[in-house]
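Numbering (the numbering used here), first residue to last: 1 to 217.
We treat Cβ as the ideally placed atom computed from N, Cα and C, and that holds for glycine.
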């Protein structure tokens, strides 16, 4: 084992990574396993463990990737929020098949979710929107996300405009802003190992149950 591999093994062991991923540890419920790993990521001190890479594509197959923040998950799917006029939203409306990836480097862990995305209810979006800081609410109104911006000053002027417009009152949910839920068809868990013979366990949805299989690293 190289010096770097030895250091990495000791470093991740200190973060709670003591071995690989067995079928017994993986269990039969990928959402429950994701929850365990997500909690481990929080406890390890990772900055923004809820950040996930969202991969989308146009109908003719041109891909794009950006990071979003995971705001909720359960057996029904994984939720994130955005401007419905953004590039990601336009691609999701035209082609709802997408991928979310969590990568927690110091734990040598990665989770990849592939599935179909749909908008959440306006009620759910409104509840989350009103839980945000007021500055973030104003920002949702002020930012014409993904559109060209001549200068930073132009954005600052728009922020002041909406601060004045909503001064003294509640900031309403914009009709162009809200959440999406990815309903996964497959969830793959990757656990790094010092010998590079990593563990990969994939769950594939089959109706109401999940089929589990191990993949070559």
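So, with DSSP's three-state summary, where would you put residue i?
| i | result |
| --- | --- |
| residue 106 | helix |
| residue 85 | coil |
| residue 128 | helix |
| residue 135 | helix |
| residue 113 | strand |
| residue 94 | helix |
| residue 118 | strand |
| residue 202 | strand |
| residue 215 | strand |
Consider the C-beta atom of residue i and the heavy atoms of the ligand NAD; say whether any pair is separated by less than 7 Å.
| i | result |
| --- | --- |
| residue 167 | Among the components of this structure there are no ligands whatsoever, and the ligand NAD is therefore not found. |
Check this for me: beta carbons of residue i and residue j, under 8 Å apart or not?
| i | j | result |
| --- | --- | --- |
| residue 180 | residue 136 | no |
| residue 116 | residue 73 | no |
| residue 79 | residue 120 | yes |
| residue 26 | residue 212 | yes |
| residue 141 | residue 174 | yes |
| residue 29 | residue 107 | no |
| residue 218 | residue 176 | Given that the chain is displayed from residue 1 to residue 217, the structure contains no residue 218 and the question cannot be resolved. |
| residue 143 | residue 178 | no |
| residue 199 | residue 33 | no |
On a CA-only basis, which of the options is nearest residue i? Give me that one, please.
| i | options | result |
| --- | --- | --- |
| residue 110 | 37, 196 and 94 | 37 |
| residue 165 | 44, 138, 155 and 186 | 138 |
| residue 58 | 93, 32 and 67 | 93 |
| residue 147 | 89, 213 and 128 | 89 |
| residue 55 | 113, 47, 158 and 186 | 113 |
| residue 172 | 187, 129 and 159 | 129 |
| residue 95 | 50, 63 and 47 | 63 |
| residue 23 | 145, 191 and 170 | 191 |
| residue 134 | 159, 50, 124 and 155 | 159 |
| residue 207 | 151, 196, 46 and 186 | 186 |
| residue 132 | 170, 104 and 144 | 170 |
| residue 44 | 33, 20, 105 and 65 | 105 |
| residue 19 | 42, 61 and 196 | 196 |
| residue 48 | 31, 66 and 70 | 70 |
| residue 82 | 125, 61 and 46 | 125 |
| residue 91 | 167, 61 and 217 | 61 |
| residue 87 | 66, 76, 75 and 31 | 66 |
| residue 31 | 42, 51, 75 and 52 | 75 |
When the Cβ atoms of the region 196-215 are set against those of the region 96-107, are three or more pairs found closer than 8 Å? no
Run through the region 155-195 for me and flag every whole beta strand (DSSP E) of 3 or more residues, listed as ranges in chain order. 177-191
Which residue spans inside the region 22-67 form an unbroken beta strand (DSSP E) run of at least 3? 51-57
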